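**Student:** What follows is a structure written as structure tokens; I'll ask about it next.
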Amino acid sequence: MDPIFNSLDDIPFRYSIFEKDQVLTEGQLNSVRNYLDDQDRLSRIHLCGVGIIGGLQVAVDNQRVTLGKGLGVTTDGDLMVVPSPMVYTRFKPYDDSNPRYEPFFGGNGMFEIHELVASGVQDPQAKPLSGFRAETSSQLTDMFAVLFMESRIKVHDLCTGAGCDNHSSEYVGTQKLLLVDGSTMARLAPVIRSSGDVAGELD
13 MDPIFNSLDD IPFRYSIFEK DQVLTEGQLN SVRNYLDDQD RLSRIHLCGV
63 GIIGGLQVAV DNQRVTLGKG LGVTTDGDLM VVPSPMVYTR FKPYDDSNPR
113 YEPFFGGNGM FEIHELVASG VQDPQAKPLS GFRAETSSQL TDMFAVLFME
163 SRIKVHDLCT GAGCDNHSSE YVGTQKLLLV DGSTMARLAP VIRSSGDVAG
213 ELD
């Protein structure tokens, strides 16, 4: 199981400067990309803040969950955009077959987490939300919704007869809406200092 990729785990504060007619390596090109990407993420976190910027209201009605349109920022600086309301009518376990995200694990292994499946999405594992209580022994209305960016690095290893020019890695970010119970939510919720907290400490 691959780990979740956290872009801000290692923040570079240097990048390559190119010379005329220079032959560039992947390390030099990636140093510029990584620097600009991390600066973009840091700007979101420290200038806009972390969490919900607007919208993203969750509603439960007739055994379905609706996520309203809106915008948010993750603790890794990912922009979470929901351009129009999403309706979820099914669920499935979010288990350790998914990329490993350390906060989802405790002393006894992975917490019980469920992934919501949107209407119209084909997924043979998904079960109707009408059976949520029978399947999990939990009330759907007692659960907490977590909008999660599942980030990973996908490695392509297919080479053609002409060479391996397409042999590269790809960053893949997938937005998922997860359900957790209250005890799990208490462990996941970080204490985040807002810009208002910092401003209140100024002379």
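Take the sequence shown: its letters are residues 13 to 215, numbered as in this note's numbering.
Beta carbons: idealized from backbone N, C-alpha and C, even for Gly.
All figures in this text were calculated on a predicted structure; none of them were measured in a lab.
Helix, strand or coil, according to DSSP, for I64 in the structure here?
**Tutor:** Three-state DSSP puts I64 in a strand.
**Student:** So the alpha helix (DSSP H) V94 belongs to, where does it begin and stop?
**Tutor:** Segment L91 to V94 is the beta strand (DSSP E) holding V94; no alpha helix (DSSP H) there.
**Student:** Under a three-way DSSP split, which group does E213 fall into?
**Tutor:** Looking at E213 - three-state DSSP - the assignment turns out to be coil, as it is neither helix nor strand.
**Student:** On the premise that G82 lies in contact with V72, defined as a C-beta separation below 8 Å, what is that separation, rounded to the nearest angstrom?
**Tutor:** Between G82 and V72 the Cβ distance is about 17 Å, and since that is not below 8 Å, they are no contact.
**Student:** From what residue to what residue does the alpha helix (DSSP H) around R53 run?
**Tutor:** That run of the alpha helix (DSSP H) goes E38 to S55.
**Student:** Nearest by alpha-carbon distance to M197: which of S149, I16, A157 and G121 is it?
**Tutor:** Nearest option by C-alpha distance: A157.
**Student:** For D154 versus D193, is the C-beta distance shorter than 9 Å?
**Tutor:** Result yes, Cβ atoms of D154 and D193 sit closer than 9 Å.
**Student:** Using a Cβ-Cβ cutoff of less than 7 Å, which residues in the same chain neighbour V44 once the five nearest sequence positions on both sides are dropped?
**Tutor:** If we look at V44 and ignore the five residues flanking it on each side, its Cβ neighbours are Y27 and S28.
**Student:** Between K166, V184 and F123, which has its C-alpha nearest S195's C-alpha?
**Tutor:** Closest option to S195, Cα to Cα, is F123.
**Student:** Can you give me the Cβ contacts of K139 inside the same chain, cut-off strictly under 8 Å, excluding the 5 residues immediately before and after it?
**Tutor:** Once the five neighbours on either side are set aside, the close Cβ partners of K139 are R102, F103, K104 and E147.
**Student:** Look at the alpha carbon of Y106 and the alpha carbon of L191, and state the distance between them as a whole number of angstroms.
**Tutor:** Y106 and L191: Cα-Cα distance of roughly 9 Å.
**Student:** Tell me, please, which residues DSSP counts as bridged to F160.
**Tutor:** Looking at the DSSP assignment, F160 forms a beta bridge with K188.
**Student:** Ends of the alpha helix (DSSP H) at L152?
**Tutor:** Run containing L152: none; DSSP gives neither H nor E here.
**Student:** Looking only at its own chain, which residues have a Cβ that is under 6 Å from the Cβ of Y113, when we skip the five neighbours before and after it?
**Tutor:** Same-chain partners within the cutoff: I16.
**Student:** Using three-state DSSP, classify F144 as helix, strand or coil.
**Tutor:** If DSSP states are grouped into helix, strand and coil, F144 belongs with the helices.
**Student:** Exposed or buried, G89, counting other C-beta atoms within 10 Å across all chains shown (16 or more means buried)?
**Tutor:** Classification of G89: buried, given that the 10 Å Cβ count is 16 or more.
**Student:** Can you tell me whether S195 is helix, strand or coil according to DSSP?
**Tutor:** DSSP places S195 in helix when its eight states are reduced to three.
**Student:** Give me the Cβ distance between I64 and G84, rounded to the nearest whole Å; I'm assuming they're in contact under 8 Å.
**Tutor:** That belief holds up - the Cβ atoms of I64 and G84 are roughly 5 Å apart, short of 8 Å.
**Student:** Find the nearest neighbour of S96 within the set V70, G212 and L48, judged by alpha-carbon distance.
**Tutor:** Here the closest residue by C-alpha is V70.
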